[in-house]
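Trainee: Each residue of the sequence shown is one higher than the one before, starting from 1 at the first, in my numbering.
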Amino acid sequence: MRFDNRWLESFLEAEQAQSCLVVEDPRVRESLRHYLRSGKVVCPAAGVYARTEHWECLNDRQRSLHTMRALQRLHPDWVFCRDSAAVAWGLPLSFDRMREVHVATSPENRSRSTRGVRRHVVANVACEVVDGLRVTSLPLTVFDCMRSMDFGHALSVADAALHSGVVSRRDLAKTFQERGKHRTGARKALRTLLYADGRSESAGESLARAKMIELGFALPELQVELPNPIDPVHSYRVDFLWLREDGSYAIGEFDGFVKYSDEAVRGGRSALRVLADERQRESRLSVYGMPIVRFTYGDVMDAAGFSRLLKGFGIPQSDSIAEKESKLAAGRAVSAQVFTLISLDGFRFPQRRCS
């Protein structure tokens with residue numbers, strides 16, 4: 001079944017705007033029913049439509065944004081909150097959290113949730129406009145997401161917010177304390193914020209650090225720059241750097257596959273070129289005589305395997321620290337502990353080894 005030219009032009013125009021097609025008139029919507037029945041069109045929320053062919057080419061983040069842009073046109077007064085606001089702010093989320101649209105509603109006007117749209121009561125909501133979308137402020141968005149997440153994913157959201165430079169730790173803590181009274185997960189969110197570090201550059205790095213904390217491993221220094229031994233004017237930045245108990249150092253690198261699969265991240269390079277550049281980088285870093293431990297998302301999610309991997313490279317670990325961390329996480333106090341052998345003040349990179 002082919003699209004009527006009028007409908008095809010409308011869909012293409014919406015796609016150009018990175019939005020779903022908005023159809024406000026119920027009588028006009030009726031004319032789309034045969035496209036829905038045939039599978040040519042999807043309807044992610046009431047009144048918004050997309051060509052299935054186009055929809056299936058989008059990832060979950062893009063689908064969420066397409067839907068939100070269309071709904072914003074349908075409902076100009078709506079304010080997106082929670083996971084939907086996080087998508088607009090560019091915060092890292094698991095894809096399953098992007099499949100519903102979240103909208104704020106006031107205590108006085110408790111609108112009901114509908115198909116594809118979940119309503120949340122938010123008192124005194126103040127919105128900001130991000131890429132044309134009305135959303136809750138970044139501190140409130142971070143708070144609402146973190147209090148419903150596990151430690152690793154909550155830490156990745158806090159890290160990303162700080163890394164953006166839009167908010168400070170003080171901004172976030174103030175909002176958490178003001179909004180946290182009698183709110184589920186508020187203590188957990190505030191405690192996780194104590195571990196947040198804006199130097200983390202990806203959700204994968206944050207998840208890895210969270211797992212290190214839970215397993216009792218010494219925290220590494222983040223994003224350390226080591227001079228390129230062939231071209232000292234430039235430097236290589238490593239994700240993690242540990243000082244081990246014998247005084248030697250070890251490098252940690254999180255391998256996210258996005259740098260091979262995402263054209264924007266590759267910066268015009270082919271996947272093979274990216275891989276070749278990575279191998280050259282690693283060979284240059286070997287001059288410093290430090291072992292490099294590489295791990296993926298899958299490695300991090302396998303706690304026992306990740307523990308064996310880090311221990312195999314001599315990364316300091318303490319079972320008593322892990323036990324204390326578990327008790328702190330389960331307790332009511334907002335407190336955290338930092339276990340590291342590296343002084344965060346005045347860190348110096350090791351001298352490179354020469355033969």
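The beta carbon of each residue, even a glycine, is placed where N, CA and C say it ideally should be.
1) By DSSP, does F254 sit in helix, in strand, or in coil?
2) In whole angstroms, what separates the C-alpha of V265 from that of G90?
3) List the DSSP bridge partners of C127.
4) Using a Cβ distance threshold of 8 Å, determine whether the segment 229–238 contacts the segment 192–199, with at least three qualifying pairs required.
5) Measure from the alpha carbon of V28 to the alpha carbon of each residue in D255, G132, Y49, A126, then state which is nearest.
6) So what's L285 in DSSP terms, helix, strand or just coil?
7) In or out: Q72 buried (at least 16 other Cβ within 10 Å) or exposed?
8) R308 to R294, Cα distance in whole Å?
9) In angstroms with no decimal places, state the Cα-to-Cα distance between E53 and K40.
10) Roughly how far, in whole angstroms, is the beta-carbon of D255 from the beta-carbon of E205, given that I think they are within contact range, below 8 Å?
11) Could you name the residues that DSSP lists as bridge partners for L370?
12) Can you say whether F356 is buried or exposed, counting buried as having 16 or more other CB atoms within 10 angstroms of its CB?
13) Under 8 Å, with one C-beta from each stretch per pair, do the segment 219–227 and the segment 163–176 reach the 3-pair mark?
14) In angstroms with no decimal places, state the Cα-to-Cα distance between E245 and R183.
15) Let me make sure I understand the geometry here. Which of R97, K188, D83, S31 has the alpha-carbon closest to that of T141?
16) Let me know the secondary structure DSSP gives A104 once reduced to three states.
17) With DSSP collapsed to three states, give me the class of W242.
18) Within 10 Å of its beta-carbon, does A85 have 16 or more other beta-carbons around it, so buried, or fewer, so exposed?
19) Is the distance from the Cβ of L8 to the Cβ of R69 below 8 Å?
20) Does DSSP classify Y297 as helix, strand or coil?
21) Whose C-alpha, out of M149, A14, R51, P316, is nearest the C-alpha of R97?
22) Give the range of the beta strand (DSSP E) segment to which R110 is assigned.
23) At the level of alpha carbons, what is the spacing between L138 and V129?
24) Would A46 and T136 qualify as a contact pair, given that the criterion is a beta-carbon distance under 8 Å?
25) Report yes if the CB atom of A250 is closer than 8 Å to the CB atom of I321, and no otherwise.
26) Look at the alpha carbon of K211 and the alpha carbon of A303, and state the distance between them as a whole number of angstroms.
27) Using the three-state DSSP reduction, which class does F151 fall into: helix, strand or coil?
28) Would the beta-carbon of T356 fall within 8 Å of that of V117?
29) Near F3, which residues of its chain fall below 8 Å by C-beta distance, leaving aside the five closest residues on each side in sequence?
30) Assuming H102 and F80 are in contact, meaning their beta carbons sit under 8 Å apart, how far apart are those beta carbons, in whole angstroms?
31) What separation, rounded to the nearest whole angstrom, lies between the Cα atoms of S64 and V87?
32) Have a look at the DSSP bridge pairing and note the partners of S363.
33) Could you check where the beta strand (DSSP E) with H182 kicks off and where it finishes?
34) Spatial neighbours of F143 within its chain, please: C-beta separation below 7 Å, excluding the five flanking residues on both sides.
Mentor: Taking the geometry as given:
1) The answer is strand: DSSP assigns F254 an E or B state.
2) Per-residue confidence for V265 stands at a pLDDT of 47, beneath the threshold of 50, marking its modelled position as unreliable; no derived number is given.
3) T136
4) Result no; under three Cβ-Cβ pairs closer than 8 Å.
5) Nearest of D255, G132, Y49, A126 to V28, Cα basis: Y49.
6) helix
7) By the C-beta density criterion, Q72 is buried, having at least 16 other C-beta atoms within 10 angstroms.
8) 13 Å
9) Rounded to whole angstroms, E53 to K40 spans 7 Å at the Cα level.
10) The Cβ separation is near 11 Å, so there is no contact.
11) Since the first residue of the chain shown is 1 and the last is 355, residue 370 is not available in this structure.
12) Only positions 1 to 355 of the chain appear in this structure, which leaves residue 356 out of reach.
13) As far as the Cβ criterion goes, the segment 219–227 does not touch the segment 163–176, which means the pair count is below three.
14) Answer to the nearest angstrom: the Cα atoms are 42 Å apart.
15) The candidate whose alpha carbon is nearest that of T141 is D83.
16) When secondary structure is reduced to three states using DSSP, A104 falls in the strand class.
17) strand
18) buried
19) Result no, Cβ atoms of L8 and R69 do not sit closer than 8 Å.
20) helix
21) It is M149.
22) Note, R110: premise wrong, no beta strand (DSSP E); not H, not E.
23) Distance from the CA of L138 to the CA of V129, rounded to the nearest whole angstrom, comes to 11 Å.
24) no
25) no
26) Taking the straight line from one Cα to the other gives about 7 Å.
27) helix
28) Outside the displayed span of the chain (1 to 355) sits residue 356, for which this structure offers no information.
29) F11, Y35, K40, R51
30) 6 Å
31) 8 Å
32) As displayed, the chain neither begins before 1 nor continues past 355, which places residue 363 out of reach and without an answer.
33) Unbroken run through H182: none, as it is neither H nor E.
34) T175, F176, R179, A189
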